[in-house]
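Residue numbers (numbering that gives the first Met the number 0), protein chains in the order written: chain B, 0 to 199; chain R, 0 to 199.
Protein chains: 2
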Amino acid sequence: MRTGTRKTGRPISFDREAALEAAMLLFWERGFEGTSMADLTDAMNLSASSIYAAFGDKQSLFSHAVNRYLETRAQYATEALAEPTLEKVIRALFNNTVAFLTGLGHPPTCMSLSGAMGCSIDAAPARNLMTEVRKANEVAIKNRLLEARKAGELSKEINVDDYTRYISMLLAGLSIQTANGSTKAELKRTAQLALKHLGY
Amino acid sequence: MRTGTRKTGRPISFDREAALEAAMLLFWERGFEGTSMADLTDAMNLSASSIYAAFGDKQSLFSHAVNRYLETRAQYATEALAEPTLEKVIRALFNNTVAFLTGLGHPPTCMSLSGAMGCSIDAAPARNLMTEVRKANEVAIKNRLLEARKAGELSKEINVDDYTRYISMLLAGLSIQTANGSTKAELKRTAQLALKHLGY
DNA sequence: TCTATTCTGAAGCAATCATTCCAGAACACT
DNA sequence: AGTGTTCTGGAATGATTGCTTCAGAATAGA
Numbered sequence: 000m001r002t003g004t005r006k007t008g009r010p011i012s013f014d015r016e017a018a019l020e021a022a023m024l025l026f027w028e029r030g031f032e033g034t035s036m037a038d039l040t041d042a043m044n045l046s047a048s049s050i051y052a053a054f055g056d057k058q059s060l061f062s063h064a065v066n067r068y069l070e071t072r073a074q075y076a077t078e079a080l081a082e083p084t085l086e087k088v089i090r091a092l093f094n095n096t097v098a099f100l101t102g103l104g105h106p107p108t109c110m111s112l113s114g115a116m117g118c119s120i121d122a123a124p125a126r127n128l129m130t131e132v133r134k135a136n137e138v139a140i141k142n143r144l145l146e147a148r149k150a151g152e153l154s155k156e157i158n159v160d161d162y163t164r165y166i167s168m169l170l171a172g173l174s175i176q177t178a179n180g181s182t183k184a185e186l187k188r189t190a191q192l193a194l195k196h197l198g199y
Numbered sequence: 000m001r002t003g004t005r006k007t008g009r010p011i012s013f014d015r016e017a018a019l020e021a022a023m024l025l026f027w028e029r030g031f032e033g034t035s036m037a038d039l040t041d042a043m044n045l046s047a048s049s050i051y052a053a054f055g056d057k058q059s060l061f062s063h064a065v066n067r068y069l070e071t072r073a074q075y076a077t078e079a080l081a082e083p084t085l086e087k088v089i090r091a092l093f094n095n096t097v098a099f100l101t102g103l104g105h106p107p108t109c110m111s112l113s114g115a116m117g118c119s120i121d122a123a124p125a126r127n128l129m130t131e132v133r134k135a136n137e138v139a140i141k142n143r144l145l146e147a148r149k150a151g152e153l154s155k156e157i158n159v160d161d162y163t164r165y166i167s168m169l170l171a172g173l174s175i176q177t178a179n180g181s182t183k184a185e186l187k188r189t190a191q192l193a194l195k196h197l198g199y
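Structure, rendered in structure tokens:
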């Protein structure tokens, strides 16, 4: 049962990370409820009992998949926020988002939107988790803006909360645009337009 | 079976529109796959066979519900586009959207996003329908912008397709903001910020 | 009243859902 | 080699899925 620091017994025979990657991609595309355990056993190439032993129940597996997503796919946002100046931060935020959304090998939208927007009451935990992820993103942006404000890069007249929500809105909008089928070129132009209207 | 112009037989004993309204609200909140027939029979206060006779299968009922949504809830967009000047159109588009999203008695996001973002392969028709709805919205906006261009209200240097996508992105972003839990006051301020950056 | 038509509610359909159980296989340690 | 522990795959769990069927109730027109 414990998969952490076991010392004896039959060792795991599959690549835990590869299996989790497959699960993540499936959840990303079909959402929590749209993905069945049968789909998962198929894509992960594992029996249900192995999945349960390694990751817990479906909800727990979803959490693990979301964590993997945040660590291996959503780092572009963190990287953007680490840029030295506000202008570079904002530019990177949009450019990285476009690059991410139009990347190959995964669904054309961010997982926090496709994961569980509308879902049954049973799946409420999954939906709440997605909302938390989006909110955490906003908080990260806000903190970076507060830094920029301290550095004198952001006018004191600008309400940081409002500005945060505005940027968050723009980025979410980009994701929906991609889900609508916008091409990479179109998305780039849209992001450029957003930057232009932001004054960058 | 036919519910249209029947002349004899036992008449329908329930309020068709009220039943459809209940179904729409449920689909809106939980999405196509998150809503079971049991949920629907409960909310619509009808037996499954009555629903099938009146609206067809679940997918067909979903289509009817979406149509009702478009007719009774999403008219604010059409109304906004009917404003006489471009400035009024844009302002109305944002203000109406905010009023709509923060309205009481329905989920805090637009149905085209909660209806079926991530879903199983079986529910692909529902997802495609939602994408079509979003695209149709874009087309409507684009046509209005082309009108404005003819009227000389929009600079010829502005690419109408880009501008359409930009506005569409902003409006979609507002919907996500509401899903994140933004209050009415916050959403208003965000929309105002968007208008300001648009030059209005 | 009689007949034709349609709606209703309950029961039942096979399929699928997430989950669990179990016998056996595979390895680590002694 | 023997023992203990853990993993594995398949089968089975009961509940729920969307959907259908059917006998009977209800009404319209003759």
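Yeah, the Cβ is synthetic: ideal placement off N, Cα and C, and Gly gets one too.
First through last residue of the alpha helix (DSSP H) which encompasses residue i
{"i": "S111/B", "result": "M110 to S113"}
{"i": "A64/R", "result": "K57 to T71"}
{"i": "P106/B", "result": "Counting along the chain, P106/B falls outside any alpha helix (DSSP H), and DSSP gives it neither H nor E."}
{"i": "G33/R", "result": "R15 to G33"}
{"i": "M43/B", "result": "M36 to M43"}
{"i": "N179/R", "result": "Taken as a continuous stretch (DSSP letters only), N179/R belongs to no alpha helix (DSSP H), as it is neither H nor E."}
{"i": "I140/B", "result": "A123 to K149"}
{"i": "Y75/R", "result": "Q74 to L80"}
{"i": "R206/R", "result": "In the structure displayed, chain R extends from 0 to 199; residue 206/R sits before or after that span and is not available."}
Coarse secondary structure for residue i, derived from DSSP in three states
{"i": "Y51/R", "result": "helix"}
{"i": "E86/R", "result": "helix"}
{"i": "E156/R", "result": "coil"}
{"i": "G172/B", "result": "helix"}
{"i": "T7/B", "result": "coil"}
{"i": "S167/B", "result": "helix"}
{"i": "T2/B", "result": "Low per-residue confidence applies at T2/B: pLDDT is 40, beneath 50, and the placement is therefore not dependable, though the value from the model is reported in the following sentence. Three-state result, T2/B: coil."}
Proximity test, Cβ basis, 7 angstroms: residue i and chain B
{"i": "M168/R", "result": "yes"}
{"i": "D41/R", "result": "no"}
{"i": "D56/R", "result": "no"}
{"i": "A171/R", "result": "yes"}
{"i": "N164/R", "result": "Sequence check: residue 164/R is Arg here, not Asn. Closer than 7 angstroms to some Cβ of chain B, the Cβ of R164/R qualifies, so yes."}
{"i": "L92/R", "result": "no"}
{"i": "D161/R", "result": "yes"}
{"i": "L60/R", "result": "no"}
{"i": "G3/R", "result": "Note that G3/R has pLDDT 43, beneath the 50 cutoff, so the model's placement of it is unreliable and the number below is only indicative. So, not an interface residue."}
{"i": "M0/R", "result": "Annotation note: pLDDT 39 at M0/R (below 50); position unreliable, coordinate value reported separately. For M0/R, the answer is no, since every Cβ of chain B falls outside 7 angstroms of its Cβ."}
Residue-level contact to chain R via CB, residue i, 7 angstroms cutoff
{"i": "Q176/B", "result": "yes"}
{"i": "K195/B", "result": "no"}
{"i": "L45/B", "result": "no"}
{"i": "L153/B", "result": "no"}
{"i": "L85/B", "result": "no"}
{"i": "L145/B", "result": "no"}
{"i": "L100/B", "result": "no"}
{"i": "L103/B", "result": "no"}
{"i": "D14/B", "result": "no"}
Check distances from the C-beta atoms of the segment 109-135 of chain B to those of chain R and list, in chain order, the residues that come in under 8 angstroms.
-> L112, S113, G114, A115, M116, G117, C118, S119, I120, A122, T130, R133 and K134
Flag this pair as touching only if the segment 19-35 of chain R and the segment 110-127 of chain B have three or more C-beta atom pairs under 8 angstroms; answer yes or no.
-> yes
Name the residues in the segment 178-190 of chain B whose C-beta lies less than 8 angstroms from a C-beta of chain R; which are they?
-> A178, N179, G180, S181, E185, R188 and T189
The segment 17-36 of chain R: which residues have C-beta closer than 9 angstroms to a C-beta of chain B, in chain order?
-> F26, W27, E28, R29, G30, F31, E32, G33, T34 and S35
Three or more C-beta pairs closer than 8 angstroms, one from the segment 81-90 of chain R and one from the segment 171-184 of chain R: is that the case here?
-> no
Given 8 angstroms, three or more beta-carbon pairs between the segment 60-68 of chain B and the segment 156-170 of chain B | no
Check whether the segment 130-144 of chain B touches the segment 148-157 of chain R, taking contact to mean three or more Cβ pairs, one atom from each stretch, closer than 8 angstroms.
-> no
Contact between the segment 67-82 of chain B and the segment 36-54 of chain B (3+ Cβ pairs under 8 angstroms) | no
With a cut-off of 8 angstroms, do at least 3 Cβ pairs link the segment 90-110 of chain R to the segment 42-57 of chain R?
-> no
Using a Cβ-Cβ cut-off of less than 7 angstroms, give me the residues of the segment 62-80 of chain R that come near chain B, in sequence order.
-> none
On the three-pair Cβ rule with 8 angstroms, is the segment 8-28 of chain R touching the segment 126-135 of chain B?
-> no
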